[in-house]
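First up is the structure itself, then whatever we jot down about it.
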Amino acid sequence: MSEPECAGLVPGSGIAQGPFARAEEALLSSLDALGRLEKLDALIGPVQRVVRGLPLGRFRDVLHGLPIGHPLHPALVQVPMGAWLSAAVLDVVPGTRRGARLLVGVGVLTAVPAALAGWVDWAEQHEDQMRTGLVHAVSIAVAVGLYARSWVHRGRGRTARGKMLGFAGLCAAGTGAMLGGHLAYRQAAGANKSEPVPHLLDEGWHPVGRVEDFPVGEAVRRELGEVPLLVVRQAGGSVQVLAGRCSHLSGPLTEGTIADGCVECPWHGSVFRLSDGANIRGPATAPQPSFQVRVDGAGGVEVRLPGAG
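In the UniProt record's numbering, the protein residues as written are 1 to 309.
Following this line, the structure appears as structure tokens:
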């Protein structure tokens, strides 16, 4: 029997074995290994407690990105990264020393709010994501330190040393950016976990039980195909249904707390309104899919998700 056609390919590369393919495989393996680096857990616990203990109040939700509907951190990092990249360009252009130093300083200053937003998100992630995120944060901290020293040396007239420190900082920032991309996309930190729900369901109405199957004020789990549902019957008789996995990190909402017309995720404390799935409190930044509900004459409960199918 002939060897399968893909036997000589590197996972994720789509190209034949060779030096570049082996390097690619080694890089991906190293990045994935960060999420399994349990030695970092001894540091993660204390740092997480410090971040969660910051007296941020409702500003914490702003840092999560709740007002804009997605994480704020990726948007904020564009400013320091753009400033540092621009400074690197000016460093190879004659007569632009003042402009380059200004951009280096702008990058250092704007890295602070970007880092704060990143730490607030980091403290509400899974263990493997926090391990990768910690290494990402260290890389960025090194970059900020190098750029701060670069700014000082440039101000003292040691431009050549300042440029060297700046290029070193750009390498550290680039490494941190790569780790951030790995964290955001391969490990799916910050992604809306409920986005696939409409694509997993058929359109139309679907039975989920009878009214008497749902005790008043209690969270009940039902399944509609591959999608778990949270079903809550209110005291007035209305039945409210949301997708059962939290949009933040897929926490089981059916195990959450029901109070004041809302459900609180048991994993990270995100709060969603039962009537329409709106997220009232982070770290979730995306709402829960909310189902239309109808009760037939025999007391049967049917649900429909607008846009499904």
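Idealized CB from N, CA, C, for every residue including glycine.
Range covered by the alpha helix (DSSP H) that runs through Glu-25: 19–34
Buried versus exposed call for Val-108 [16 or more other C-beta atoms within 10 Å across all chains shown]: buried
Beta strand (DSSP E) runs wholly inside the segment 218–295, at least 3 long, in chain order: 219–224, 227–233, 239–243, 257–259, 262–264, 271–273, 279–281, 290–295
Coarse secondary structure for Val-92, derived from DSSP in three states: coil
CA nearest to the CA of Pro-207, picked from Arg-222, Glu-195, Ser-194: Arg-222
Exposure label - Arg-180; buried when at least 16 CB within 10 Å: The sequence shown places Gly at residue 180, rather than the Arg named in the question. Flag for Gly-180 reads buried.
Identity of the residues DSSP links to Val-303 by a beta bridge: His-206, Val-293
Residues of its chain near Pro-198, where Cβ-Cβ distance is below 7 Å and the 5 sequence neighbours each way are ignored: Pro-289, Leu-305, Gly-307, Ala-308
Backbone secondary structure at Val-216 - three-state DSSP: strand
Rounded straight-line distance, which links the Cα of Thr-175 to that of Ala-137: 10 Å
Chain C contact for Trp-119 (CB, 7 Å cutoff): Note that chain C does not occur in the displayed structure, where there is just one protein chain.
Neighbourhood of Gly-299 by C-beta distance below 8 Å, restricted to the same chain and skipping five residues each side: Arg-210, Val-211, Glu-212
Whether Leu-76 touches Val-120 by CB criterion (7 Å): no
Contacting residues, own chain, Cβ-Cβ under 7 Å from Met-1 (five flanking each side not counted): With a pLDDT of only 47 at Met-1, under the threshold of 50, the placement of this residue in the model should not be trusted, and no figure is reported.
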